[in-house]
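In our numbering, the protein residues as written are 275 to 670.
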Amino acid sequence: MNKKRIIELQRLFSEELFESVIPFWTKHSLDHEFGGYYSCLERDGTVFDTDKFAWMQGREIWMFSKLCSEYGVKPEWLEAAKHGVEFMKEYGINENGDTYFSLDRKGNPLMQPYNIYSDCFLCTAYAEYSRVSGDKWAKEEALRLYQRIQERQTLPKGTWTKQVPGARVFSAMSFPMIQMTMARELKGYLPDEIVEPVIQSTLDAFWSKHVDWEKKRVFERVLPEGGHNFDVMEGRLLNPGHALEILWLIMDVAASRSDKKMIDDCAEVMLWSIESGWDNKYGGIYYYQDYLGYPTEKLESTMKLWWVHAEAIVAMLLAYKLTGRKEFSDWFEKITEYSFKHFSDKNNGGEWFGYLDRQGEPVFTLKGGKWKGFFHLPRTLMLCEQWLSDMIKDKV
275 MNKKRIIELQ
285 RLFSEELFES
295 VIPFWTKHSL
305 DHEFGGYYSC
315 LERDGTVFDT
325 DKFAWMQGRE
335 IWMFSKLCSE
345 YGVKPEWLEA
355 AKHGVEFMKE
365 YGINENGDTY
375 FSLDRKGNPL
385 MQPYNIYSDC
395 FLCTAYAEYS
405 RVSGDKWAKE
415 EALRLYQRIQ
425 ERQTLPKGTW
435 TKQVPGARVF
445 SAMSFPMIQM
455 TMARELKGYL
465 PDEIVEPVIQ
475 STLDAFWSKH
485 VDWEKKRVFE
495 RVLPEGGHNF
505 DVMEGRLLNP
515 GHALEILWLI
525 MDVAASRSDK
535 KMIDDCAEVM
545 LWSIESGWDN
555 KYGGIYYYQD
565 YLGYPTEKLE
575 STMKLWWVHA
585 EAIVAMLLAY
595 KLTGRKEFSD
605 WFEKITEYSF
615 KHFSDKNNGG
625 EWFGYLDRQG
635 EPVFTLKGGK
645 WKGFFHLPRT
655 LMLCEQWLSD
665 MIKDKV
């Protein structure tokens, strides 16, 4: 990309972040009567469900806090982050110190702490908020949650586990990656002798188990000792967007270590993931795929989701920034063009649609929901805006 094109793209991502996405959430998401955030928002920002989901509360706290970290503390952003912190501090934790999955509008618990990711996202949220606010309670709570997560990790769903003891087991990519993310977020709060082994064990598990160099795929679930069980759908499952998200996170670790080999390995695997995951007929990236081409158990497999494309955009830009290889700038442009054309609703309320059909038309008009909040998209826009700005400086 030449300097003129980089400037155009930096402007595109900046405008989308600061003029479309952030205003949508600051205007519609905050519950000014009972605290916390609404996440179920229609195209125009209308709230269509007032329940509050811990994942979305944690992610929104983190994102507003991160904006303060990266662009300077703005009172509106810091107050928005505090808004979520105070609500979850008051209502979010049960008597065991675990995070409820969901609450009603007033903070009454609705669903038990069956999902450890609620705790994980709150842990990183409080850590980031404490850095920009100086709130000592938030720092202490982040560390307490981290310790509690380690205690629960072998049986993360506790008594709500549905699996029969001793039955078939797969190792999934999700929890090791969130462990690595938490460890990196808690750097400076936890000693390096705790943080670095967590990061390294995650990298070892990913490269030795989930990346199959012979088959040129990243598998979501593998046998605990490594290898595959292709007799069942779960063992054949591919999620291109998740693979790309993990790969750019690992590439970022590699860059921090000046590990060129790992950067190059990530780049190679990124190309497998996007080339196999791209829909050559209609454009966009499939949500799920079956390695052998069979139907998946996921009925939404052929849909196009906002977060998949957001993470793919980040992956391609970071790969281009670190390697300079043209195929990554080409993919970055291609995915960006598709995403801004089909997901972005800048001129009709702001933000992005979350769910498209295979042909690229919105399945729902929602901009936020039980699983879509203020996280993947603004993080993508922020990172790309920053990296493109760096690239402009490099061109001088």
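Just so it is clear, CB atoms sit at the ideal spot from N, CA and C, and this is done for glycine as well.
Here the structure is a predicted model, which means the values were calculated and not measured.
Opposite residue i in the DSSP bridges: which residues?
{"i": "G551", "result": "Answer by DSSP bridge pairing: none, since G551 is not bridged."}
{"i": "S445", "result": "V496"}
{"i": "Y629", "result": "L579"}
{"i": "P652", "result": "None; P652 has no bridge partner."}
{"i": "I367", "result": "T373"}
{"i": "G642", "result": "L315"}
{"i": "F327", "result": "S376"}
{"i": "R491", "result": "D486"}
{"i": "L464", "result": "K461"}
{"i": "L304", "result": "Y311"}
So, helix, strand or coil for residue i, using DSSP?
{"i": "I559", "result": "strand"}
{"i": "S618", "result": "strand"}
{"i": "Y311", "result": "strand"}
{"i": "R285", "result": "helix"}
{"i": "D409", "result": "coil"}
{"i": "V321", "result": "strand"}
{"i": "D486", "result": "strand"}
{"i": "L512", "result": "strand"}
{"i": "P636", "result": "strand"}
{"i": "M275", "result": "coil"}
{"i": "R418", "result": "helix"}
{"i": "R458", "result": "helix"}
{"i": "P383", "result": "strand"}
{"i": "D505", "result": "coil"}
{"i": "D564", "result": "strand"}
{"i": "L429", "result": "coil"}
{"i": "L573", "result": "coil"}
{"i": "P439", "result": "coil"}
{"i": "S532", "result": "coil"}
{"i": "I524", "result": "helix"}
{"i": "Y345", "result": "helix"}
Might you give, ordered along the chain, the residues of its own chain that have their beta carbon closer than 7 Å to the beta carbon of residue i, omitting 5 neighbours on each side?
{"i": "E364", "result": "G381"}
{"i": "P498", "result": "V443 and S445"}
{"i": "P652", "result": "L291, V295, I296 and M337"}
{"i": "S482", "result": "G500"}
{"i": "I587", "result": "F606, I609, T610, S613, T654 and C658"}
{"i": "T300", "result": "E350 and A354"}
Only counting the same chain, and skipping five residues up and downstream in sequence, which positions put a Cβ closer than 6 Å to that of residue i?
{"i": "H302", "result": "L315 and G319"}
{"i": "A457", "result": "V469, V472 and I473"}
{"i": "S288", "result": "E659"}
{"i": "A593", "result": "A541, M544 and F602"}
{"i": "F361", "result": "G309 and G310"}
{"i": "K669", "result": "K277"}
{"i": "M563", "result": "Residue identity check: residue 563 is Gln in the sequence provided, not Met. Excluding residues within five positions, the ones whose Cβ falls inside 6 Å are L512."}
{"i": "I665", "result": "Position check: residue 665 holds Met in this sequence, whereas Ile was assumed. I280, listed in sequence order."}
{"i": "G332", "result": "F395, L396 and A399"}
{"i": "G371", "result": "R422"}
{"i": "Q633", "result": "Y556"}
Taking C-alpha atoms, which residue in the options lies nearest to residue i?
{"i": "D604", "options": "L464, E519 and L545", "result": "L545"}
{"i": "Q424", "options": "S313, N621 and M454", "result": "M454"}
{"i": "F444", "options": "D486, F493 and S532", "result": "F493"}
{"i": "W329", "options": "E415, E344 and T373", "result": "T373"}
{"i": "T216", "options": "G432, G500 and I524", "result": "Examination of residue 216 is not possible in this model, given that the chain is present from 275 through 670 alone."}
{"i": "T435", "options": "I452, I390 and W411", "result": "I390"}
{"i": "L662", "options": "L596, Y629 and Q284", "result": "Q284"}
{"i": "F648", "options": "K340, I281 and F322", "result": "K340"}
{"i": "D325", "options": "E344, M590 and L377", "result": "L377"}
{"i": "D419", "options": "V582, G440, D466 and G366", "result": "It is worth fixing the name first, because residue 419 is Leu in this sequence and not Asp. Ranking the options by Cα distance to L419, first place goes to G366."}
{"i": "S343", "options": "M665, I666, D664 and L657", "result": "L657"}
{"i": "E616", "options": "M577, K646 and K595", "result": "Note that residue 616 corresponds to His in the displayed sequence, not to Glu. Taking only the C-alpha atoms, the option nearest H616 is M577."}
{"i": "K490", "options": "K572, L566 and E607", "result": "L566"}
{"i": "E293", "options": "E625, F327 and V496", "result": "E625"}
{"i": "E415", "options": "K431, T428 and C394", "result": "C394"}
{"i": "G509", "options": "V582, R333, E350 and M447", "result": "M447"}
{"i": "E488", "options": "P569, R495 and H502", "result": "H502"}
{"i": "L521", "options": "R426, W645, Q331 and E585", "result": "E585"}
{"i": "L573", "options": "H583, Y561, W581 and S392", "result": "Y561"}
Apart from the five residues on each side of it in sequence, which residues of its chain come closer than 8 Å, Cβ to Cβ, to residue i?
{"i": "G623", "result": "F298, R317, D318, G319 and K641"}
{"i": "I335", "result": "A355, G358, V359, M362, L396, A399, Y400, E402 and Y403"}
{"i": "D526", "result": "L592"}
{"i": "S532", "result": "none"}
{"i": "L464", "result": "L417, Y420 and A457"}
{"i": "D246", "result": "Lying before the first or after the last residue shown, residue 246 is absent from the chain, which here runs from 275 to 670."}
{"i": "T639", "result": "E316, R317 and F627"}
>> Under 8 Å, with one C-beta from each stretch per pair, do the stretch 396-413 and the stretch 346-365 reach the 3-pair mark?
In response: yes
>> When you compare the stretch 500-517 with the stretch 547-556, are there three or more beta-carbon pairs, one atom per stretch, that lie closer than 8 Å?
In response: yes
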